[in-house]
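Engineer: Residue numbers (the UniProt record's numbering): 1 to 169.
Think of the CB as a built atom: it goes at the ideal place given N, C-alpha and C, for glycine as much as any other residue.
What follows is a single structure, and I will ask about it in a moment.
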Amino acid sequence: MLDQRNHQGKFAEDYVRALASAAGLLVYKDDVDHDGIDLGFRYPGRTGHIASPAIEVQVKSWSTPACKGPDLYFRGLNEVQYNKLVAGPFLVPRYLFVVVVPAESDRYARVETEGLMLSRLCYYRGFEGESPITSPSTKRHPSVRVPLGNVLTVRALRELVGAPTGTLA
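This is the structure in structure tokens:
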């Protein structure tokens, strides 16, 4: 069995993969996490003048969320990781996905009469127009504001990628 930290991180990635599967998107992963990206999502088609639109994401899990007003304040990235999401411009847009999970791993998923329920929610944050941190350190962790309204759903993921949304919820 995985240790708690790795179990939580794997569940977060699998949670997001399940949403991507429901959205009909392709999921890809670099062979080495050297660029701060955990997963990529691609629409396998054309939307307007763009073929195969995609996004890349850093996926983080969090079992003790800190909220203030309408936002989560996430401190799980160090400044070097933060800059890998911010210091563009990037050809493929980058996002932070924060999956809020229960503290107890036996509450990650449950089977109900209507189907499988994954706990809890994933929130997302883009960084376009943000400035990178000058002289970043792996020892400092900026507070990253993630709006509680940015819940990652099938529709939201398709919109971020630039895929047609149709009638998806």
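Do Met117 and Arg107 have their beta-carbon atoms positioned less than 8 Å apart in this structure?
Structural biologist: On the sequence shown, residue 107 is found 107 positions in, with the first residue counted as 1. On the sequence shown, residue 117 is found 117 positions in, with the first residue counted as 1. Cβ distance not < 8 Å, so Arg107 and Met117 don't count as in contact.
Engineer: Opposite Ile55 in the DSSP bridges: which residues?
Structural biologist: On the sequence shown, residue 55 is found 55 positions in, with the first residue counted as 1. Paired residue(s): Phe41.
Engineer: Less than 8 Å between the beta carbons of Pro70 and Leu148, yes or no?
Structural biologist: Sequence index remark: in the sequence shown, residue 70 carries index 70 (1-based). Sequence index remark: in the sequence shown, residue 148 carries index 148 (1-based). Yes.
Engineer: Note down the Cα distance separating Phe90 from Ile50, rounded to an integer number of angstroms.
Structural biologist: Counted from its first residue, the sequence shown places residue 90 at position 90. Counted from its first residue, the sequence shown places residue 50 at position 50. Near 16 Å, if we compare the C-alpha coordinates of Ile50 and Phe90.
Engineer: Whose CA, out of Asn150, Gly126, Val101, lies closest to the CA of Arg5?
Structural biologist: The residue labelled residue 5 in the question sits at position 5 within the sequence shown. Residue Val101 is the option with its Cα nearest to Arg5.
Engineer: Taking DSSP as the reference, what is the three-state secondary structure of Arg125?
Structural biologist: Here residue 125 corresponds to residue number 125 of the sequence shown, with the count starting at 1. In the structure shown, Arg125 sits in a strand (DSSP, three-state: E or B).
Engineer: For the putative contact between Leu160 and Tyr82, defined by C-beta atoms under 8 Å, what is the C-beta separation to the nearest angstrom?
Structural biologist: For this step, residue 160 is matched to residue 160 along the sequence shown. For this step, residue 82 is matched to residue 82 along the sequence shown. Going by Cβ atoms, the distance from Leu160 to Tyr82 rounds to 19 Å, so no, they are not a contact pair.
Engineer: Are the beta-carbon atoms belonging to Ser143 and Tyr73 less than 8 Å from one another?
Structural biologist: Here the question's residue 143 lines up with position 143 in the sequence shown. Here the question's residue 73 lines up with position 73 in the sequence shown. For Ser143 and Tyr73, yes; Cβs fall inside 8 Å.
Engineer: How many whole angstroms separate the CB atoms of residue 170 and Ala163, which I take to be in contact at a CB cut-off of 8 Å?
Structural biologist: In this structure the chain extends from 1 to 169, so residue 170 is not present and cannot be described.
Engineer: Rounded to whole angstroms, what's the CA-CA distance from Gly88 to Lys60? Just pull it up for me.
Structural biologist: Here residue 88 corresponds to residue number 88 of the sequence shown, with the count starting at 1. Here residue 60 corresponds to residue number 60 of the sequence shown, with the count starting at 1. Roughly 20 Å between the two C-alpha positions.
Engineer: What are the boundary residues of the alpha helix (DSSP H) that includes Glu159?
Structural biologist: Mapped onto the sequence shown, residue 159 falls at position 159. First-last of the alpha helix (DSSP H) with Glu159: 154 to 161.
Engineer: Is the separation between the beta-carbon of Cys122 and that of Val98 shorter than 8 Å?
Structural biologist: Locating residue 122 in the sequence shown gives position 122, where the first residue counts as 1. Locating residue 98 in the sequence shown gives position 98, where the first residue counts as 1. It is a contact, given that the beta carbons lie within the stated cut-off.
Engineer: Measure the C-alpha to C-alpha separation of Glu56 and Gly40 and round it to an integer number of angstroms.
Structural biologist: Taking the sequence shown and counting its residues from 1, the one referred to as residue 56 is at position 56. Taking the sequence shown and counting its residues from 1, the one referred to as residue 40 is at position 40. If I take the Cα positions, the gap works out to 4 Å.
Engineer: Over the uninterrupted alpha helix (DSSP H) stretch that includes Glu13, give me the two end residues.
Structural biologist: Reading the sequence shown from its first residue, position 13 is the one you call residue 13. Residues 4 to 23.
Engineer: Exposed or buried, Gly48, counting other C-beta atoms within 10 Å across all chains shown (16 or more means buried)?
Structural biologist: Here residue 48 is taken as the residue at index 48 of the sequence shown, counted from 1. Gly48 comes out exposed.
Engineer: When DSSP labels each residue in this structure, what does Lys60 get in the three-state scheme?
Structural biologist: Position 60 of the sequence shown, counted from the start, is the residue given in the question as residue 60. DSSP places Lys60 in strand when its eight states are reduced to three.
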